[in-house]
Every structure is written in C-alpha cells, then in structure tokens.
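Protein chains: 2
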Amino acid sequence: MMEQELKQINFAFIGFGNVGRAFARLLINRRRWLIKKYGVEWKITGIATNNHGTCIDARGLPVQKILRSWKAHSNLNNFHNGPSRNSHSDFIRQCGADVLFEMSILDLNGDPASTYIREALRAGLNVITTNKGPVATNFRQLSRLARQRDVQFLYEGTVMDGAPVFNLVRQNLPGTHIRSLRGILNSTTNYILTQMEQGTSFEAALDYVKKKGITEADPRLDLEGWDSAFKLSVLIQALMGGSVKPNDIERHSISEDIGRKVRAAVRRDRRLRLVARAYRQGGRVIGKVELQELEIFDPLAAIRGLSNILVLNTDTMRELAIIENNPSVEQTAFSLFSDLVSIL
Amino acid sequence: MMEQELKQINFAFIGFGNVGRAFARLLINRRRWLIKKYGVEWKITGIATNNHGTCIDARGLPVQKILRSWKAHSNLNNFHNGPSRNSHSDFIRQCGADVLFEMSILDLNGDPASTYIREALRAGLNVITTNKGPVATNFRQLSRLARQRDVQFLYEGTVMDGAPVFNLVRQNLPGTHIRSLRGILNSTTNYILTQMEQGTSFEAALDYVKKKGITEADPRLDLEGWDSAFKLSVLIQALMGGSVKPNDIERHSISEDIGRKVRAAVRRDRRLRLVARAYRQGGRVIGKVELQELEIFDPLAAIRGLSNILVLNTDTMRELAIIENNPSVEQTAFSLFSDLVSIL
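Protein chains in written order, with this note's numbering: chain R, 724 to 1067; chain X, 724 to 1067.
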C-alpha cells in the first residue's frame, strides 16, 4: 500500500500506568499489521496523567523514547509542545485525537472518568475505556451520547480484560437473549481463595497480588466485592438490558477469617468461590456477588489463581462459557487494541 | 421499515435432517429480527436430500407446512414446482439461491459434499456448511475458490456447533497468533468416558448418545477419533495456517476395554479424556488426538457429558478457553444462523 493512501489516526491517552504503557508497546508492535490490514497509520498526540504530567504534540509524541526512558519519577511535561493546558478538560479539547483511550483507576462514584468520557464524546472523539467506574455508573447516558454524536463508546476491557465478552455477544451471538449469567470476575479474591485451599495464608496471598499490581489501587475494592459488583453491573446493563447499579448489588466480602470456610469446603470435596451472578425475576434483573460453595465439577470450581470465567445462559446456545487464564496487564492492553480494531 | 426497502434473499438446503429442520425453525423464529436488524426478507427456494426427495420453487417453499407435516417417510418431491432435476448438481444450478446451507453427513473422503460446495461456489453462491468433511479435506481449494468468486465460505458449525470459534478468532482476536490449542471436541466419546467414571457401562452410554442422535451416522467415526481428527484438521488449517489433513493426525480410539483405564485414573484423582491438540514444531504444525490422564484441576477434566471445550494459546491473550455446555441440534442450527448474519 502506498504512503499517500494511508489514513492517519490520532490517539490520546488518559492514564499512562502499567496498562497504558503495555498498550503503547502493543501499538508499536502492531504498527505494520495496522497499515497492512486497515491502511491506518497512527500517532499519539497527547498523554495526560495525574502524577507524571501531561503532554500534547500535534506532530506525534516520541512514544518509543518515552517508553524506553520511563522511570517512577518520569515527567511527561518535558515532551509537551503546544498551548498550555491546566486540566484534563483542556487536554481533551486540545489533544487533537480521533480516539481517546481512558485508563484512569476505579473510583466508586465513577468520577472523574465519567466527566472525561462525557467531554470527549461531546467533542466528537471515539472513547475506549478499561475503567468500569464510569461504564457502571453512567452506562445509559454515555451510550446515548455516543449514538447522538455518531462516535463509538467501547469498554471491552472493563470485564475479563481482553477476553471477548461484549464483542462476543455483539458480533458472534446474533439475535441472542441472555437469560442469566454467572462468573468469577475478580482475580484478587480468586487468587486468595484458591491459594488458601493449598495452605497459603490470607496475608501472603494478598501480598503477592498487591506486589504483582493485580489489585485495585485500593485493595478493599477487591476484598469487599466492589470490583465484582462494578463488572456485574456493566454486564447487566450492556448484555441484559437491566439497570442495576453497583450499589443495587448485594455483596459478600472476604477477610482473614475466610480460612475456616475454605477448609470446610475442601473437606466436603467442594470449593469456595466469590461468584457474581445475574438473573431475571418478574421483568427485572437481579445482581448478586456471593461466596458460594460449589460442587467440584462446576466449571467455576476449576477456575484457580488469577483466572476468570463467565458463563452465559442463552436462548440460542444454551450455556456458553469463556475462560481467561492467568491474565496480566498485557491482556488488559489487548482489550484496547481489540476495541480499536472494532472502530477501524 | 417499508416493504419496498426490504432486500430479498434466497436460501437452498442440502440436507434436511435434525439440523436442517432445527435451522428452518430458527429462521422462522428470527424472521422479524432479520427484517428489523438487516432489512432482509428470506425464502427457501430449494431443499435437496438423499432419502426424502428434492424440491425447488422459485416463489419460495411452504417451509412451515413442510415442518408441520414432517414424518419419517415425508417426500419433498411433492412440493417441487419447476424444471426436473436429476442430481444435486442440477439442484445447485437451478435452485436460484444466494446462500447454500450444506448439511450433509460426514464422509471420510469429504465427498460428495466437497463437490457440492465447489459447484455452488463456482456458480456464485455463498456457502455455509456444518460438514467438517469437505472443510478438512479441501480447505485451501474451497477458500481460494470463494475468494476468486467474491463469495463467502463459512463453516462455524464444523467445530463446537454454534459456539464461536472461527468467528471469535477472526472478529475478536485481531492480529493474534495462535501458538497452540487443545480441547475436547467430540461429545460422544466424552459422554462415554465421563459416564463410565460414574459407573455406567460402555454399551449403555453409547446407546444413549446413539438414541439422542449425537453420534455420527456411523458411530465408529466418533469412537475411532475420526470426528475429533477432522475438527482438529479444520482448526489447524483455519486458525494456525497449517496444512494437516485428518489422515496426518495420530488418533487413539476408545472401546469397551477402556473401563479399566477410566477407573485407574479416578483412583489417582485424575480424569481420562480424549484430547485433541495442535502445536508448532520447527515451522510445522502437528496434530494429535490422544487419550490423556488429566489433573483434576485441568479445565478439560471439568468438561463432562456432551460438553466441549477449546483452549487457545495466543500471543495476545495468553490462554483463552471457550466451553459449550451440553449442546443439541439447536446449537448446530445456530452456527448456520450466526454465519448467515456474518454474510448479511
């Protein structure tokens, strides 16, 4: 394909943590593939962060250089080349992007990410997010806004990282009605529960996932079931047409005293799991995040460590399950890439 | 949507057994959905079978009437309204279809289905098949022919019925390289192995799947690993770029004397499964269908009864698995529907 036939597309990032940097590396690795397959050449024209400064450059930021020299104290302001910008709102208006990748961290009220996404959609940017906060709390408003502005609002990475969940139902299960669903959606609690089955202590297991960067910035969001509840809320709103917010979801927590229950389950040849499930009852959808003792041959009982599973009960395919084995930040980064390709 | 805006699309069926009739019912159930979503109105202009006659009617066959009155001795010739047709080749030329649904039964040399599909593609018809025979034996030739004629050749139903496998990789795993894969792809042998774990006899288990219409027309194709080998060959050719034919695949069989091995595995707290797997070795892809004793926490060990699983090892998503729970003919019919929607 000739250079002049290439379509130029500009990206902006909000957030440049582990996921953002893994995604930037993936984009670089797939540069030729994107040119060959879609005739698309990209550049990153802006990166905004809370702790590492913000930079905009309409000519494209030197992303390989930024990645190569990245350190805990790196400051992106050094790469800025444009008008001054005092806030993320300024950034969104000035970044000159066609697609905004929103990768800020989970906050229980969904903000400020909801505000960023709203402003970006209003400004005519496509938005792809890995943040379940804004999707769970403002699903309808943001989806409607995207339709009105004729741009895409995609969020594959909010549940099970890059494993196809929303794209699977949208693209591969046409005309299908989801009757109910259940799954293990939180890696931190599943790692702790399944390590404790093998004799590891609660603290040692929690320490491991903290060090690996698997937990939410505040691990209580994992342990108290909030992470599962946010993901379940997104699933219910996006796949089942329900309007269940995270606050409407009954949650169980896990804490140090869970060991007794884990061991009791194993003695009965069963397994304790933190199960997120949604079902229909009299025209409404109900969501619950519960500690359940499962039969050993339940597919959810076989899910160990950081792995996740989602089981969909449908009118066309009966039960269909998807398992993501042992994910890392690369898999979350892939969700952004997968959504990007949907837009292309 | 106004009547005059509707696009008319004509379908022809080769085969009208359990799958064909389930698919016809699904089409009827989704008639409004197809109009609303794709502006498409369909009719079936031809059905060809080996044992129930053949009929063509350019005005559209009365499919609801045919289904309602279907009996073991039904003869479709009664519904024929057109020029005489002496062979399936005549049928393909005269059926007036835009899409041919090829649902004939598995034959080890891939014929006559390969011939039907070749003739249909040459005549400019899109072809959707559930028959792994022609896809495994003539994958490259038929795929190339479809590209040359600018029509689609789709085969989602050849592996795991309507569970998205090929569409999943094509649509949801962009730019992804499949390093290796393994799975349980044959329902008959998995049902027998897992029922024997619970004390059922080989004959009783085999009788059950025969009566349920789960086995191939000749159950030896299941028991001798041929069904798994054909599916594995399709997976290797379509997803891994290999050129492994069913005959190139080492196969294990199961027979009555398997009971001893099943029980020995259970005593060791392990499970015996017929595992189909493919891996790369020095630039080539190798395929094997093997009886393996699996650890109890292997996801494949948790697959019981008629259920299937496929685990993909990828460069983008690490390990990703899809499970189809307890499928029936409706799930195979859904694969045809899912492929049809891909074309629309």
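All residues carry an ideal CB built from backbone N, CA and C; glycine is no exception.
Every value quoted in this text rests on a predicted model; they were computed, and no experiment measured them.
Bridge partners - residue i, DSSP secondary structure assignment
i, result
"residue 1048 of chain X", "R/1042"
"residue 824 of chain X", "X/736 and X/851"
"residue 876 of chain X", "X/850"
"residue 804 of chain R", "R/780"
"residue 860 of chain X", "Answer by DSSP bridge pairing: none, since residue 860 of chain X is not bridged."
"residue 731 of chain X", "X/764"
Range covered by the beta strand (DSSP E) that runs through residue i
i, result
"residue 720 of chain X", "Given that chain X is displayed from residue 724 to residue 1067, the structure contains no residue 720 of chain X and the question cannot be resolved."
"residue 789 of chain R", "That residue, residue 789 of chain R, is in no beta strand (DSSP E); its alpha helix (DSSP H) goes 786-791."
"residue 993 of chain R", "993-1004"
"residue 1032 of chain X", "1031-1037"
Delimiting residues of the alpha helix (DSSP H) encompassing residue i
i, result
"residue 748 of chain R", "741-752"
"residue 1011 of chain R", "Taken as a continuous stretch (DSSP letters only), residue 1011 of chain R belongs to no alpha helix (DSSP H), being part of the beta strand (DSSP E) at 1007-1018."
"residue 817 of chain R", "811-817"
"residue 1027 of chain R", "Residue 1027 of chain R -> no alpha helix (DSSP H), and no H or E assigned at all."
"residue 983 of chain X", "982-990"
"residue 716 of chain X", "The requested residue 716 of chain X is not part of the displayed model; chain X covers only 724 to 1067."
Could you say if the stretch 883-891 of chain X and the stretch 939-950 of chain X meet the contact criterion of at least three C-beta pairs nearer than 8 angstroms? no
At which residue ranges does the stretch 902-976 of chain X contain complete alpha helix (DSSP H) runs of 4 or more residues, listed in the order of the chain? Listed in chain order, they are 910-920, 925-934, 943-946 and 949-962.
Cβ pair count under 8 angstroms reaching 3, the stretch 772-782 of chain X against the stretch 803-816 of chain X: yes
Closer than 7 angstroms, Cβ to Cβ, to anything on chain R: give me those residues from the stretch 741-761 of chain X, in chain order. 753 and 756
Would you check if there are 3 or more beta carbon pairs closer than 8 angstroms linking the stretch 969-977 of chain R to the stretch 862-877 of chain R? no
The stretch 733-742 of chain X / the stretch 911-924 of chain R touching (three or more Cβ pairs under 8 angstroms): Flag = no, the stretch 733-742 of chain X and the stretch 911-924 of chain R do not touch.
Is it true that the stretch 1005-1021 of chain R meets the stretch 946-956 of chain R, where meeting means three or more beta-carbon pairs spaced less than 8 angstroms apart? yes
Quick one: any contact between the stretch 853-864 of chain R and the stretch 1020-1028 of chain R, if contact means 3 or more CB pairs under 8 angstroms? no
Do three or more CB pairs link the stretch 744-757 of chain X to the stretch 858-868 of chain X at distances below 8 angstroms? no
Flag this pair as touching only if the stretch 1032-1051 of chain X and the stretch 781-798 of chain X have three or more C-beta atom pairs under 8 angstroms; answer yes or no. no
Residues, ordered as in the chain, of the stretch 1016-1045 of chain R that lie near chain X by beta-carbon distance below 7 angstroms: 1020, 1022, 1025, 1027, 1039, 1040, 1041, 1042, 1043, 1044 and 1045
Whether or not the stretch 813-824 of chain X and the stretch 834-847 of chain X are in contact is what I'm after, with contact meaning three or more pairs of Cβ atoms, one per stretch, closer than 8 angstroms; do they touch? Because the criterion of three Cβ pairs below 8 angstroms is met, the stretch 834-847 of chain X and the stretch 813-824 of chain X touch.
Going along the chain, which residues of the stretch 816-843 of chain X sit with their C-beta nearer than 8 angstroms to a C-beta in chain R? Along the stretch 816-843 of chain X, there is no position whose C-beta sits under 8 angstroms from a C-beta of chain R.
Name, going along the chain, the residues of the stretch 868-889 of chain R whose beta-carbon falls closer than 7 angstroms to a beta-carbon of chain X. When C-beta distances to chain X are compared with 7 angstroms, the residues of the stretch 868-889 of chain R below that value are 885, 886 and 887, in chain order.
Listed in chain order, which residues of the stretch 893-904 of chain R have Cβ atoms closer than 7 angstroms to some Cβ of chain X? From the stretch 893-904 of chain R, only 894, 895, 897 and 898 have a Cβ closer than 7 angstroms to chain X.
Along the stretch 908-924 of chain R, where does the CB come closer than 8 angstroms to a CB of chain X? Name the residues. Residues passing the 8 angstroms Cβ filter: none.
How do the stretch 1037-1056 of chain X and the stretch 897-910 of chain X stand: do at least 3 beta-carbon pairs fall below 8 angstroms, yes or no? yes
Using Cβ-Cβ distances below 8 angstroms, what residues of the stretch 1049-1062 of chain R are close to chain X? 1049, 1050, 1051, 1053, 1054, 1057, 1060 and 1061
For the stretch 926-935 of chain X against the stretch 986-993 of chain X, are there 3 or more C-beta pairs whose distance is under 8 angstroms? Contact fails: fewer than three Cβ-Cβ distances are below 8 angstroms.
Check each residue of the stretch 923-957 of chain R: if its Cβ is closer than 9 angstroms to any Cβ of chain X, include it; give the result in chain order. Cβ contacts with chain X: none found.
Could you run through the stretch 994-1005 of chain X and flag, in chain order, every residue whose CB is less than 7 angstroms away from some CB of chain R? none
The stretch 962-977 of chain R: which residues have C-beta closer than 7 angstroms to a C-beta of chain X, in chain order? none
Count the CB pairs spanning the stretch 1055-1065 of chain R and the stretch 1050-1060 of chain X that are closer than 8 angstroms, and state whether there are at least three. no
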